[in-house]
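Top line first, the protein sequences correspond to chains E and C.
Taken in order, the first sequence gives residues 1004 to 1255; the numbers are from the numbering used here.
Taken in order, the second sequence gives residues 195 to 520; the numbers are from the numbering used here.
Glycine included, C-beta positions come from ideal geometry on N, C-alpha and C.
This report concerns only the one structure given below.
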Amino acid sequence: MSKIKIEAENLKLFYGDFQALKNINLTMKEKEVTALIGLSGCGKSTFLRCLNRMNDIIPNCHVEGKLTFEGEDIYHPDCDVVALRKKVGMVFQAPNPFPKTVYENVAYAPKLHGTKDRASLDEIVETSLKQAALWDEVKDRLHKPALGLSGGQQQRLCIARALAIKPEVLLMDEPTSALDPISTLKIEELIRELKQHYTIIIVTHNMQQAARVSDRTAFFLVGDLVEVDDTEVIFTNPKDQRTEDYITGRFG
Amino acid sequence: MSSNQDNVAFSSNQENAEEPGDKQKKLLKNSSRRRKAWDIFEKLSEGVLFVSAFLGVITVILIFLFLFKEAVPLFLDPLSAPTLTAKNWYPISNPHIFGLWPLIAGSLIVTFGAILISVPLGIGAAIYLSMVASPKVREILKPTIEVLAGIPSVVLGFFGLVVLAPWIKDFFGLSTGLTALTGSITLALMALPTITSISEDAISSVPRKYMEASLSMGATRWQAIVTVIVPAALSGITASVMLGIGRAIGETMTVLMVTGNAAIIPGTMLEPVRTMTATIAAEMGEVARGSEHYHALFVVGVVLFLMTFAVNYIADLVSRRMKEVE
C-alpha cells in the first residue's frame, strides 16, 4: 500500500457565512489518480483549490479542520505557501498560457524560482514538453507566441508549465471541459502516463473520464463528501443510493 | 451627413406609399424599390465615411505642405541657411543667426526630464490603483488623478511660476527658479494623468487567469505583477507613455511661463532653456510676415512636426510588435 500524500480531516470551508465544504475526510495516496465528481457547485473545485491554498486569494474565505501534505498541516500559520505550491502544481479549467512564447511559458516557473542558466532551462523546457506529449508538435515553434496554439495544445502547454516546477502533486480542475474529443483523449492518455510519477487529483464532470483515468473516485454533493472508494467499486457497486443515482444519471 | 440619410429614408417611404396594386406584385415591386433605396443609402454612407476618414489624412498632409512651403525659403537663402546649425538663436540681430540647436536641446531636455519624472510615477500609480488599492480607494483616487488632466495648462504654468520656481531657486541656491527642471516638473504633472489612467485600464484588463496561473506556480503576488501582469499590459502602458510624451513635447503655455526662455544650449537641468514651441508662440506674433525670421520659425515648426511624428511612429511600431506576441 502506497503512502498517504494528502489527508483532509474534518475540513470545512466558508465563503463569508456560506459553508461550501462540510466536514470533508479524504485521503489521497501517492501516485494515485483521485477523481472528484459531483454536480456543479457541490464543492469539488473548492476542495481542489484548498490543496494548494488557491482559495487564499478569495476575500472572506476561511478554512477550519486539518489538511495535511505529507503529514504537515498546510493551513498552519507558519506554512510556506510558495514552497507548497512548488510541490503542488495546478492545471485550470480553461487553458491559460501567458501571452509569451511557448518557451517562456514553460521556463516561467523555473526562472521565477532561480534557475538562470540557459542550458538547464533548455533541458527543463524540453523534458516538460515531452512529458506533456507536446514536444513534437511545438519543437519548431518554441519561440512563437503560445496563444497561437490550438486549445488542446494550449492545455498541454499548461500541463508542461505546471510540470516544469517538478511538483509531486498535480491538481487538475476540469482540464478537458473546454476541449474537443481528440484533445480530451490525448490529455487522458497523458494523465495515465503521468501517474507513474505524480499524485494526481482531477475534478471532472465527465463520468466516463473519471472511470477511464482514476484509481479512486470521490463523490461530492452540496458540500458533503458522500462516498469515496476505488473507482471500480464506485461505478459498479456504490454503497450510497445517492452515488448510484448520480452515476446512473438519475440526478439533476 | 445626417440630412442625406434623412432624405433617402424619406423618399423611399413616399414611394412605398404611392404605389398601390396587386398584392403579390406590390410586395415584389416595393421590395425592389426599397432595396434600391437601401443600396443608395449604403453607397452614400460609405462615401461619407470614406470622406471623413480621408479628411484627417488630407488635413495632416496639407498642414505639413503648408509648414514646408513656408520653411523652404529659408533653406534657399544663402545667408541664413548655413546659420541653422549654429549654436545660437539670434533672430533679430544683424546678421541673423537661426541656430536651431539651443531650441532642440531645450525641448529635448525639458521633455526628457518630464519623462523621467512622470513615467515611473505614472506606472507606479497605475499598478497601485489596479493591483494594490482596495476598490474604495480606487474609486476615489482614479477620478481625482483624472481631474489633473482637466487643469488648463496656463493654470499649471501659473502654479509653476508662483510656487514651484521660488522653491527650486531656494532649494538649489540659484539666481533664478525658471529652469529646465521647473518646466519638466510642470510638464510631468500634465503627462501624469494620461499615463496613470491609460496604464491602469491596460493593467486592469489583463485577465485574472494569468494571475491565478502565476500564483499557482509559487509566485508571490508581487512577482506575478512584475513577471506576468505588467508584461501582458505592456502595449497599453507603452501607448500611455507615448501619449504622455506627445503631450509634453507639444505643450507650449506652461514651458513658456516657467522655463526662463533663454535660447542657450543648457549644461544642466538647472539652467533656463527655451523650447521650440515656446519660441514659435513668443515670436510669431511680432515677426514681419515673409521675413527670414518668419520663415525660420516655420523651420522650427517643421522640426517639431517631424519629432512628434517620429514619436508616434515609434509608439506604433512598439505596440504592434508587442501585440504580435499576444
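Contact set for residue i: own chain, Cβ-Cβ below 7 Å, skip 5 residues either direction
i, result
"residue 297/C", "283, 457, 468, 469, 470, 473, 494"
"residue 1150/E", "1100, 1102"
"residue 1029/E", "1011, 1221, 1228, 1231"
"residue 347/C", "384, 445, 447, 448"
"residue 1247/E", "1241"
"residue 359/C", "371, 372, 376, 452"
"residue 262/C", "496"
"residue 208/C", "In this prediction, residue 208/C has a pLDDT of 46, which is less than 50 and means its spatial position is unreliable; what the coordinates show is noted afterwards. Hits under 7 Å: none found."
Assigned secondary structure, residue i (DSSP; H/G/I helix, E/B strand, else coil)
i, result
"residue 1036/E", "strand"
"residue 1024/E", "strand"
"residue 1172/E", "strand"
"residue 1045/E", "coil"
"residue 1183/E", "coil"
"residue 1066/E", "strand"
"residue 1007/E", "strand"
"residue 207/C", "Low local confidence applies: a pLDDT of 46 at residue 207/C is under 50, so the model's placement there is unreliable, with the coordinate-based value given in what follows. Reduced to three states, the DSSP call for residue 207/C is helix."
"residue 1029/E", "strand"
"residue 1240/E", "coil"
"residue 1194/E", "helix"
"residue 296/C", "helix"
"residue 968/E", "Only positions 1004 to 1255 of chain E appear in the structure, and residue 968/E is not among them; the question remains open."
"residue 252/C", "helix"
"residue 395/C", "helix"
"residue 289/C", "coil"
"residue 1118/E", "coil"
"residue 1148/E", "strand"
"residue 1234/E", "helix"
"residue 195/C", "Confidence is the limiting factor: at residue 195/C the pLDDT is only 39, short of 50, which leaves the residue's position unreliable and the question unanswerable from this model."
"residue 1251/E", "coil"
Residue closest to residue i, alpha-carbon to alpha-carbon, out of the options
i, options, result
"residue 1203/E", "1162/E, 1184/E, 1238/E, 1082/E", "1162/E"
"residue 305/C", "295/C, 393/C, 346/C, 377/C", "377/C"
"residue 372/C", "349/C, 352/C, 454/C", "454/C"
"residue 1115/E", "1086/E, 1135/E, 1132/E", "1086/E"
"residue 488/C", "257/C, 272/C, 324/C, 285/C", "285/C"
"residue 591/C", "392/C, 379/C, 289/C", "Residue 591/C lies beyond the stretch modelled for chain C, which goes from 195 to 520, so this question has no answer here."
"residue 1124/E", "1094/E, 1093/E, 1167/E", "1167/E"
"residue 311/C", "379/C, 227/C, 424/C, 443/C", "379/C"
"residue 428/C", "327/C, 389/C, 349/C", "389/C"
"residue 1259/E", "1064/E, 1171/E, 1045/E, 1182/E", "The structure shown does not extend to residue 1259/E, since chain E is modelled only from 1004 to 1255, so the question has no answer here."
"residue 1226/E", "1094/E, 1022/E, 1075/E, 1005/E", "1022/E"
"residue 1135/E", "1156/E, 1143/E, 1144/E, 1148/E", "1156/E"
"residue 300/C", "510/C, 461/C, 484/C", "461/C"
"residue 270/C", "498/C, 510/C, 226/C, 486/C", "486/C"
"residue 325/C", "264/C, 226/C, 395/C, 234/C", "395/C"
"residue 1046/E", "1200/E, 1141/E, 1015/E, 1145/E", "1015/E"
"residue 420/C", "475/C, 433/C, 410/C, 397/C", "397/C"
"residue 1007/E", "1038/E, 1075/E, 1017/E, 1018/E", "1075/E"
Spatial neighbours of residue i in its chain, beta-carbon cut-off 8 Å, leaving aside the 5 residues before and after
i, result
"residue 1194/E", "1036, 1175, 1203, 1205, 1216"
"residue 1179/E", "1158, 1186, 1187, 1190, 1191, 1207, 1209, 1212"
"residue 375/C", "307, 362, 463, 464"
"residue 505/C", "436, 439, 440, 443"
"residue 280/C", "291, 292, 293, 295"
Partners in chain C for residue i, counting only beta-carbon separations shorter than 9 Å
i, result
"residue 1208/E", "Within chain C, no residue comes near residue 1208/E; the closest Cβ sits about 19 Å away, beyond 9 Å."
"residue 1185/E", "The premise fails here: residue 1185/E is roughly 24 Å from chain C at the closest Cβ pair, so nothing lies under 9 Å."
"residue 1060/E", "405, 406, 409, 415"
"residue 1089/E", "411, 412"
Where residue i meets chain E, residues with beta-carbon distance less than 8 Å
i, result
"residue 403/C", "1095, 1097, 1099"
Under 9 Å by beta carbon: chain E residues contacting residue i
i, result
"residue 146/C", "Nothing in the structure corresponds to residue 146/C, since chain C is present only between 195 and 520."
Under 7 Å by beta carbon: chain C residues contacting residue i
i, result
"residue 1146/E", "The premise fails here: residue 1146/E is roughly 10 Å from chain C at the closest Cβ pair, so nothing lies under 7 Å."
"residue 959/E", "There is no way to answer for residue 959/E, as the model of chain E reaches only from 1004 to 1255."
"residue 1085/E", "412, 414"
6 Å CB neighbourhood of residue i in its chain, flanking five on each side removed
i, result
"residue 405/C", "418"
"residue 1237/E", "1220"
"residue 332/C", "323"
"residue 1112/E", "1167, 1168"
"residue 1072/E", "1009"
Neighbour list for residue i in chain C, Cβ cutoff strictly below 8 Å
i, result
"residue 1168/E", "411, 412"
"residue 1015/E", "In chain order: nothing, as chain C lies at least about 23 Å away."
"residue 1172/E", "None at all; the shortest Cβ gap to chain C is about 12 Å."
"residue 1063/E", "Those within 8 Å of residue 1063/E in chain C number zero; the least Cβ separation is about 14 Å."
"residue 1055/E", "410"
Q. What alpha helix (DSSP H) runs, 4 residues minimum, are completely inside the segment 1199–1231 of chain E?
A. Taking 4 residues as the shortest admissible run, the segment 1199–1231 of chain E contains the following complete alpha helix (DSSP H) segments, listed from N- to C-terminal end: 1210–1216.
Q | Every unbroken alpha helix (DSSP H) within the segment 400–470 of chain C, with a cutoff of 4 residues, ordered by chain | A | 402–410, 415–418, 428–444, 447–452
Q. Which full runs of the alpha helix (DSSP H) of 4+ residues lie inside the segment 1073–1101 of chain E, going along the chain?
A. 1084–1090
Q.
Going residue by residue through the segment 355–387 of chain C, where are the continuous alpha helix (DSSP H) segments of at least 4 residues, counting only ones entirely within it?
A. For the alpha helix (DSSP H) assignment, the uninterrupted runs of no fewer than 4 residues enclosed by the segment 355–387 of chain C are, from N- to C-terminal side, 359–366.
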